[in-house]
Amino acid sequence: MTLMMFRSQRYSDFSISLQLSRKLLLGFLFMVTAIQEASAEQRIVEHSMGSTKVSGTPVKVVTLFQGATDTAVALGVIPVGVVDSWVQQPTYKYLRKDLADVPHVGLESQPNLEVIAGLQPDLIVASKRRHEKIYGHLSQIAPTIALETVFDFKDTVAMMGLAMNRQQQANALLQSWKNRVADFQQRIPQKLGEQWPLEVAVLNFRADHARIYLKDSFAGSILNDLGFIRPANHPQGQWVVKLSTKESIPTMNADVFFVFMTEDDPAVKRNYLQWTNHPLWKSLDAARNHQVFQVDEVAWNMSGGIMGANQMLDQVYEHFGLNPVM
Amino acid sequence: MDKLLTLRTSVVSIQLNSVTLKMLGTLLIGTLAIALMSLSAGSQWLNPIEVVKELLLSEPGQHAFVIETLRLPRVVTGFLVGGALAVSGLILQSLVRNPLASPDIIGITSGASAAAVFFLSYLAETVSALWLPFAAILGAALTSLIIYLLAWRQGVTPLRLILIGIGLVAGLGAMTTFMIVLSPIATSMMAYVWLTGSIYGSDWQDVTALLPWLLVLLPLSLMLSRTINVQELGDPVTVGLGVQVQRTRFVLLAISVALAGSAVAYAGAIGFVGLIAPHIARQLVPRSFGSLAPASLLIGGCLVVVADTIGRTAFLPLDVPAGVFVSAVGAPFFIYLLYRQHR
Chain F
13 MTLMMFRSQR YSDFSISLQL SRKLLLGFLF MVTAIQEASA EQRIVEHSMG STKVSGTPVK
73 VVTLFQGATD TAVALGVIPV GVVDSWVQQP TYKYLRKDLA DVPHVGLESQ PNLEVIAGLQ
133 PDLIVASKRR HEKIYGHLSQ IAPTIALETV FDFKDTVAMM GLAMNRQQQA NALLQSWKNR
193 VADFQQRIPQ KLGEQWPLEV AVLNFRADHA RIYLKDSFAG SILNDLGFIR PANHPQGQWV
253 VKLSTKESIP TMNADVFFVF MTEDDPAVKR NYLQWTNHPL WKSLDAARNH QVFQVDEVAW
313 NMSGGIMGAN QMLDQVYEHF GLNPVM
Chain Z
4 MDKLLTLRTS VVSIQLNSVT LKMLGTLLIG TLAIALMSLS AGSQWLNPIE VVKELLLSEP
64 GQHAFVIETL RLPRVVTGFL VGGALAVSGL ILQSLVRNPL ASPDIIGITS GASAAAVFFL
124 SYLAETVSAL WLPFAAILGA ALTSLIIYLL AWRQGVTPLR LILIGIGLVA GLGAMTTFMI
184 VLSPIATSMM AYVWLTGSIY GSDWQDVTAL LPWLLVLLPL SLMLSRTINV QELGDPVTVG
244 LGVQVQRTRF VLLAISVALA GSAVAYAGAI GFVGLIAPHI ARQLVPRSFG SLAPASLLIG
304 GCLVVVADTI GRTAFLPLDV PAGVFVSAVG APFFIYLLYR QHR
């Protein structure tokens, strides 16, 4: 529906522009750019694909990965185009109110370039991991900045803040995050006493295998900041380990498990039950001591942005019976 | 007797009859029509007349970016990829005298796939993804060479080539799956897209990288068309007619590998085109390489262009990899041709 509305509006734009003579149109465009250049300062944004000059305050932003969409909303800008979410399609529930009428430009892995061009954005936020091949096309459509990964939420806030001329808002978001982390770090030892620092593992179950999310993942890096520790035998410098056989269940071992998965997928549910009913599972410390907790997949993994990170932190506060500070 | 058009110089000898010429003409017009439709279709349907104007006029109009930067390179890349795979498949089918041969039988697709997935899994973090085509083409060439060497026993016979090829292809398939299972989610997603085959995001750089291969290899294969035709009669006859069987076989294999390898490098594993396009061509033109090669080229090219056009328009705003639709378009058309011939 939204797509159709947006389309018909575009068609009328075209018919109007067709009525104008080309000369008039060119003159008009020239005036607009001249005014923009005179009034707005320019910023150079250094990013994973080079450096991009952005002028003025971009208002028509297209975000090509989940974390960028989340961050744009957090910075107070509703994007003019977003990509489909991975679960809760087409938009994560926590963003639905803000993004109700925003057109979609396809999947994060293969966004539709024509639709993006049709939106006439003045800034595109991409990720090198996903969009290296189309960076050339994207930067012909609009100034494009590219984050290295899709889940480094602090970098995303800082870079998008600079590109969108909202450094103040970005700094405020990052400062508030710092304060919250400091608050948690200060209060959790009092709460847990000897148990702190707690050894945790973040587990994820898929339809045909299980995963351990490590220090460099989204949830992993947040737990790290908060002061949680990881089992010594977990690999370093990686963000995920895939476990394809139940024989490797013992490598999961930790005092506490936080588990997330796509719960409404019956295949995932079945696999989860198979793994957790395995005799080896019952020998794990967390399982024996009933320290297995299911957490929200979107906040802990899929969002990849500052809003998601804050939601995850809320849930961690809540889990340990602490009142979150805002 | 039909009127024949004979092209004979010291290097080339091709004979086309009037039926073939008419059919090739029809295919050419069809190809142009398909290309034009593909340029018009997209997130927004453009009037084909406007598209032609845009292409012919030097002054860029309002749709210049969409047509000339987004759609045209994609259509051209799709056509080149499909055409290269089709001719490669045609050469192989004549060479091993087996209608089931395709660029995969001598490991081109699976070699390229294994190399591409290896690249995505272990090198993508450190090396720019723009090197992916080189990794793929290297994998294709290496695998074909290994198959050729393993099949060598005082010369290479088609049968040994096929059997060794099937063995190695199975092994490489297992390696590819193994790497996908072990790699993190981000890479396995990219690997799956690559294995499906996609010409998404093609730009003029891809076209300029791909075009020279075809410009060199296609005329080269036409120069050898006489030998290819003779080859189909079996080794004893071929030797009897004075063809150096092993040398031409090696050259033809090399051409086939280079054609398919370069195509696969830029579009991923759209291998099915190489199997089906020559068969469709055989239903339309007489069985001589000189007629089959241009027909296969056009048909293979059209298959990929049509598949990609469906992929980027059927589920808007989603852009679905072309490989998904290549078989969906090619197989029914092929079955229809067989059915019609049967009656």
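As they're listed, the protein sequences go chains F and Z. According to the working numbering, the first sequence holds residues 13 to 338 in order. According to the working numbering, the second sequence holds residues 4 to 346 in order. Even for Gly, the Cβ is constructed at its ideal location relative to N, Cα and C. On a predicted model such as this, the values are computed, not experimentally measured, just so you know.
Interface annotation, Tyr203 of chain Z: in contact with chain F, CB-CB separation under 7 Å.
The Cβ of Val117 of chain F sits closer than 7 Å to at least one Cβ of chain Z. The three-state secondary structure of Gln18 of chain Z, taken from DSSP, is strand. Selection F:Pro155, F:Pro243, F:Ala266, F:Leu255 evaluated against Gly68 of chain F yields F:Pro155 as nearest (Cα-Cα).
Ser265 of chain Z places its beta carbon 7 Å or farther from that of Leu185 of chain Z. Residue range 54 to 59 is occupied by the beta strand (DSSP E) that includes His59 of chain F, with no alpha helix (DSSP H) assigned at that position. DSSP places Asn283 of chain F in the uninterrupted alpha helix (DSSP H) bounded by 278 to 288. Look at Gln306 of chain F here: in three-state DSSP terms it is strand. Of the candidates F:Val337, F:Asn289, F:His59, F:Glu58, F:Val337 places its Cα closest to the Cα of Arg199 of chain F. Contact with chain F is found for Leu73 of chain Z, since one of that chain's Cβ atoms lies less than 7 Å from the residue's Cβ. Counting along the chain, Asn301 of chain F sits inside no beta strand (DSSP E), nor does DSSP assign it H or E at all. Asn245 of chain F sits exposed, since fewer than 16 C-beta atoms from the chains shown fall within 10 Å of its C-beta.
Here DSSP, grouped into helix, strand and coil, assigns Gly200 of chain Z to coil. As DSSP reads the structure, Asn216 of chain F sits in a beta bridge with F:Arg223, F:Phe272. Between the alpha carbons of Gln327 of chain F and Asn335 of chain F lies a distance of about 10 Å.
Look at Pro215 of chain Z: its C-beta is not under 7 Å from any C-beta on chain F.
For Gly148 of chain F, the nearest beta carbon of chain Z is closer than 7 Å to its own beta carbon.
For a Cβ distance threshold of 8 Å, residue set Glu126 of chain F lies close to Gly45 of chain Z, ordered along the chain. For Gln132 of chain F, the three-state secondary structure derived from DSSP is coil. By the neighbour-count criterion, in which a residue is buried when 16 or more other Cβ atoms sit within 10 angstroms of its Cβ, Ala334 of chain Z is exposed. Chain Z has a Cβ within less than 7 Å of the Cβ of Glu144 of chain F. At a cut-off of 7 Å, the C-beta of Met192 of chain Z has a neighbouring C-beta in chain F. Here Ala296 of chain Z carries a helix assignment [DSSP, helix/strand/coil]. Per DSSP, Ile157 of chain F lies in no alpha helix (DSSP H) segment; the continuous beta strand (DSSP E) that holds it begins and ends at 156 to 159. In the displayed model, Glu330 of chain F falls within a helix according to three-state DSSP. In terms of beta-carbon proximity, Val69 of chain Z lines the interface with chain F, with at least one pair separated by less than 7 Å. With a cutoff of 7 Å on beta-carbon distance, Gly277 of chain Z and Phe82 of chain Z are scored as not near each other.
For His143 of chain F, the secondary structure class from DSSP, reduced to helix, strand or coil, is helix. Considering only F:Val127, F:Phe77, F:Met171, F:Asp110, the residue with the shortest C-alpha distance to Ile56 of chain F is F:Met171. In this structure the segment 306 to 325 of chain Z lies against the segment 69 to 87 of chain Z, because at least three pairs of beta carbons, one per stretch, are closer than 8 Å. In the same chain as Ala67 of chain Z, and ignoring 5 residues on each side of it, the C-beta atoms closer than 8 Å to its own belong to Glu57, in chain order. Out of F:Val89, F:Ser260, F:Gly317, the CA that lies nearest to the CA of Ser295 of chain F is found in F:Ser260.
Residue contact with chain Z for Ser121 of chain F: present (Cβ-Cβ distance below 7 Å to some residue of chain Z). In this structure, the alpha-carbon of Ser60 of chain F lies about 47 Å from that of Ala284 of chain Z.
Proximity of Ser256 of chain F to chain Z, defined by a Cβ-Cβ separation below 7 Å, is satisfied.
Listed along the chain, the chain Z residues whose CB falls inside 7 Å of the CB of Ala298 of chain F amount to none; the nearest CB is some 24 Å away.
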